[in-house]
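Engineer:
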């Protein structure tokens with residue numbers, strides 16, 4: 050009640066103050082109407098305002114669209130599996146390790162179902178050595194064995210060389226017998242030809258004697274009996290010459306047969322080598338396929354990283370774990386030199402954004418005032434909006450790629466990992482500064498005197 054009385058006394062005191070006691074607040078005049086004009090301060094202020102308005106026509110201000118987002122891999126996360134499965138023999142990584150493309154992750158033991166590649170290689174070496182021997186036999190030249198196989202498998206070389214020597218010795222034995230027969234027949238032909246030459250000379254002499262004796266018989270100087278004796282000798286020589294010529298022909302035929310048998314035996318030897326070589330080539334081709342399959346299986350026993358990345362969701366704990374066929378073992382999250390940020394662009398800003406527009410990426414894990422921003426550009430814009438959630442609302446999915454994937458220097462980089470949140474400022478153009486000053490007025494002009 051006492052407070053109420055005090056307030057009423059104050060109001061009554063104010064009511065007693067006359068109007069003449071109140072003076073209006075005096076504002077200093079910028080302009081003096083009695084011919085004084087503008088004072089110096091007023092001129093300076095008006096000049097500054099005019100200069101600012103003039104400058105605002107030429108000073109341009111960047112227009113920026115801001116969109117939230119997060120860092121994502123530029124390529125998909127790789128799920129590591131194995132085709133056959135096996136037992137873990139060596140586990141080279143652990144959760145969170147940074148791995149390089151091609152580096153070993155896990156080595157499996159495939160002994161229970163694997164192919165013995167060393168045995169296959171030994172078989173191939175044996176076939177290659179046999180191939181070299183057969184090539185030599187088929188061509189009639191000394192075999193040229195592969196030097197690397199001789200070094201790795203000296204026993205194979207000795208075996209094949211022994212086989213080659215044995216088969217050549219056998220061939221030479223057959224050819225030697227035939228050559229001996231041929232040489233014998235050739236010698237016989239020579240002897241018979243010498244005898245034939247002697248018989249032919251005797252026949253010429255005997256024929257001359259026969260002609261002389263016949264003249265003497267006509268002159269009755271010798272008896273008819275002597276003539277008949279000479280004629281009998283000549284006929285005997287003629288018959289012997291004919292027989293000798295037949296014998297020589299038979300001997301020459303035997304020499305020809307020996308030559309033919311030699312060619313036949315040599316050809317038979319080479320044909321057999323060629324036939325064996327054909328069969329061996331097929332075996333080598335088949336063995337090559339087996340070795341390729343075995344090598345592929347052996348290579349698959351070592352599971353390697355397909356990309357540079359970080360190990361994630363590792364299912365294995367230690368050596369001896371069983372990996373089932375086709376079962377996911379781990380994931381490798383890509384780590385790229387190019388950073389990709391997936392942003393949520395408001396539909397209201399879609400009309401300002403286009404491909405390849407420059408952008409600045411601020412990663413929330415690193416204070417941009419200290420570490421700066423990452424320059425980038427818009428590389429992908431969704432064709433339609435994503436419905437989003439109640440919190441985000443509909444948005445366009447936008448992809449921004451940066452020039453690098455780290456802050457700092459290459460020698461001491463601050464890596465940016467997938468999943469980090471970011472804010473992207475997209476430069477969509479620029480406007481004169483005066484546009485921003487007049488924008489409220491222009492907006493009011495467009496929206497005034499309209500009934501909502």
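In my numbering, the protein residues as written are 50 to 501. Cβ coordinates follow ideal geometry from the N, Cα and C atoms, glycine included. Given the structure is predicted, the values throughout are model-derived calculations rather than measurements.
Could you check if residue 281 is buried or exposed, using at least 16 other CB atoms within 10 Å of its CB as the buried criterion?
Structural biologist: Here the question's residue 281 lines up with position 232 in the chain shown. Under this definition residue 281 is an exposed residue.
Engineer: What's the gap between the Cα of residue 197 and the Cα of residue 206?
Structural biologist: As a working mapping, residue 197 is identified with position 148 in the chain shown. As a working mapping, residue 206 is identified with position 157 in the chain shown. So the two alpha carbons sit approximately 11 Å from each other.
Engineer: Identify, in the order they occur along the chain, each residue of the same chain with its Cβ nearer than 8 Å to the Cβ of residue 58, setting aside the five sequence neighbours on each side.
Structural biologist: As a working mapping, residue 58 is identified with position 9 in the chain shown. Residue placement at residue 58 cannot be trusted, given a pLDDT of 46 that sits under 50; the coordinates are not used to answer.
Engineer: Near residue 359, what residues of its chain come up, given a Cβ to Cβ distance below 8 Å and the 5 sequence neighbours on each side ignored?
Structural biologist: Stepping through the chain shown from its first residue, residue 359 is reached at position 310. Result list for residue 359: 145, 146, 147, 148, 381, 382, 384, 466, in chain order.
Engineer: Between which two residues does the alpha helix (DSSP H) holding residue 336 run?
Structural biologist: Position 287 of the chain shown holds residue 336. It spans 273 to 350 - the alpha helix (DSSP H) in which residue 336 sits, taken as one unbroken run.
Engineer: Could you tell me if residue 300 is buried or exposed, where buried requires 16 or more neighbouring beta carbons within 10 angstroms of its beta carbon?
Structural biologist: Start at 1 with the first residue of the chain shown, and residue 300 comes out as number 251. Buried.
Engineer: Around the Cβ of residue 255, are there at least 16 other Cβ atoms within 10 angstroms (buried) or fewer (exposed)?
Structural biologist: The residue labelled residue 255 in the question sits at position 206 within the chain shown. Label assigned to residue 255: buried.
Engineer: Using 8 Å as the threshold, is the C-beta distance between residue 311 and residue 250 below it?
Structural biologist: Residue numbering aside, residue 311 sits at position 262 when the chain shown is read from its first letter. Residue numbering aside, residue 250 sits at position 201 when the chain shown is read from its first letter. Their beta carbons are not under 8 Å apart, which means residue 311 does not touch residue 250 by this criterion.
Engineer: Whose C-beta lies closer than 8 Å to the C-beta of residue 286 among residues of the same chain, with five residues either side of it excluded?
Structural biologist: On the chain shown, position 237 is the one that residue 286 refers to. So the list reads 248, 251, 252, 255, once near-sequence residues are dropped.
Engineer: In chain order, which beta strand (DSSP E) runs of at least 3 residues are fully inside the stretch 342 to 422?
Structural biologist: Runs of the beta strand (DSSP E) inside the stretch 342 to 422: 351 to 353, 358 to 361, 379 to 383, 389 to 394, 407 to 412.
Engineer: If contacts are defined as beta-carbon pairs under 8 Å, then residue 412 and residue 157 qualify, I think. What distance do you get, rounded to the angstrom?
Structural biologist: Locating residue 412 in the chain shown gives position 363, counting from the first residue. Locating residue 157 in the chain shown gives position 108, counting from the first residue. Incorrect: roughly 39 Å between the Cβ atoms, too far for contact.
Engineer: When the Cβ atoms of the stretch 163 to 183 are set against those of the stretch 333 to 344, are three or more pairs found closer than 8 Å?
Structural biologist: In short, these stretches touch, since the Cβ pair count reaches three.
Engineer: Could you check the C-alpha separation between residue 362 and residue 403 for me, to the nearest Å?
Structural biologist: Along the chain shown, read from residue 1 onward, the residue named residue 362 stands at position 313. Along the chain shown, read from residue 1 onward, the residue named residue 403 stands at position 354. Using only the alpha carbons, I get a separation of about 37 Å.
Engineer: Per DSSP, residue 157 is paired with what?
Structural biologist: Here residue 157 is taken as the residue at index 108 of the chain shown, counted from 1. BP columns for residue 157 point to 137.
Engineer: Along the chain, where does the beta strand (DSSP E) that runs through residue 129 open and close?
Structural biologist: The residue given as residue 129 occupies position 80 in the chain shown. Note, residue 129: beta strand (DSSP E), 127 to 129.
Engineer: Would you identify the three-state DSSP class for residue 426, choosing helix, strand or coil?
Structural biologist: Reading the chain shown from its first residue, position 377 is the one you call residue 426. Residue 426 falls in the strand class under three-state DSSP.
Engineer: Throw me the rounded Cβ distance for the residue 130 and residue 375 pair, which I believe falls under 8 Å.
Structural biologist: For the purposes of this step, residue 130 is identified with residue 81 of the chain shown, where counting begins at 1. For the purposes of this step, residue 375 is identified with residue 326 of the chain shown, where counting begins at 1. With a Cβ gap of about 6 Å, residue 130 and residue 375 count as contacting.
Engineer: In this structure, what does DSSP give as the bridge partners for residue 112?
Structural biologist: For this step, residue 112 is matched to residue 63 along the chain shown. The partner list for residue 112 (beta bridge, DSSP) reads 478.
Engineer: Sorted by chain position, which residues of the same chain lie with C-beta nearer than 8 Å to residue 193's C-beta, five sequence neighbours on each side aside?
Structural biologist: On the chain shown, residue 193 is found 144 positions in, with the first residue counted as 1. Result list for residue 193: 181, 184, 185, in chain order.
Engineer: Reducing DSSP to helix, strand and coil, say where residue 461 ends up.
Structural biologist: As a first step, residue 461 is located in the chain shown; it is residue number 412 there, counting from the start. Residue 461 falls in the coil class under three-state DSSP.
Engineer: Compare the Cα-Cα distances from residue 166 to each of 336, 450, 424 and report the closest residue.
Structural biologist: On the chain shown, position 117 is the one that residue 166 refers to. It is 336.
Engineer: Residue 432 to residue 399, Cα distance in whole Å?
Structural biologist: Looking up residue 432 in the chain shown gives position 383. Looking up residue 399 in the chain shown gives position 350. Rounded to whole angstroms, residue 432 to residue 399 spans 11 Å at the Cα level.
Engineer: Do residue 391 and residue 121 have their C-beta atoms within less than 8 Å of each other?
Structural biologist: Start at 1 with the first residue of the chain shown, and residue 391 comes out as number 342. Start at 1 with the first residue of the chain shown, and residue 121 comes out as number 72. The Cβ atoms of residue 391 and residue 121 lie closer than 8 Å to each other.
Engineer: What are the partner residues of residue 239, as DSSP defines its beta bridges?
Structural biologist: Start at 1 with the first residue of the chain shown, and residue 239 comes out as number 190. DSSP lists no partner for residue 239.
Engineer: For the alpha helix (DSSP H) containing residue 172, name the first residue and the last one.
Structural biologist: Numbered from its first residue, the chain shown carries residue 172 at position 123. Taken as a continuous stretch (DSSP letters only), the alpha helix (DSSP H) holding residue 172 covers 166 to 188.
Engineer: Would you mind reading off the limits of the beta strand (DSSP E) that contains residue 450?
Structural biologist: Taking the first residue of the chain shown as 1, we reach residue 450 at position 401. 444 to 451 is the span of the beta strand (DSSP E), which, as asked, contains residue 450.
Engineer: Confirm, please, whether the CB-CB distance from residue 314 to residue 223 is below 8 Å.
Structural biologist: In the chain shown, residue 223 corresponds to position 174, counting from 1. In the chain shown, residue 314 corresponds to position 265, counting from 1. Result yes, Cβ atoms of residue 223 and residue 314 sit closer than 8 Å.
Engineer: When the Cα of residue 123 is compared with those of 307, 216, 473, 454, which residue comes out closest?
Structural biologist: Mapped onto the chain shown, residue 123 falls at position 74. It is 454 whose Cα lies nearest to the Cα of residue 123.
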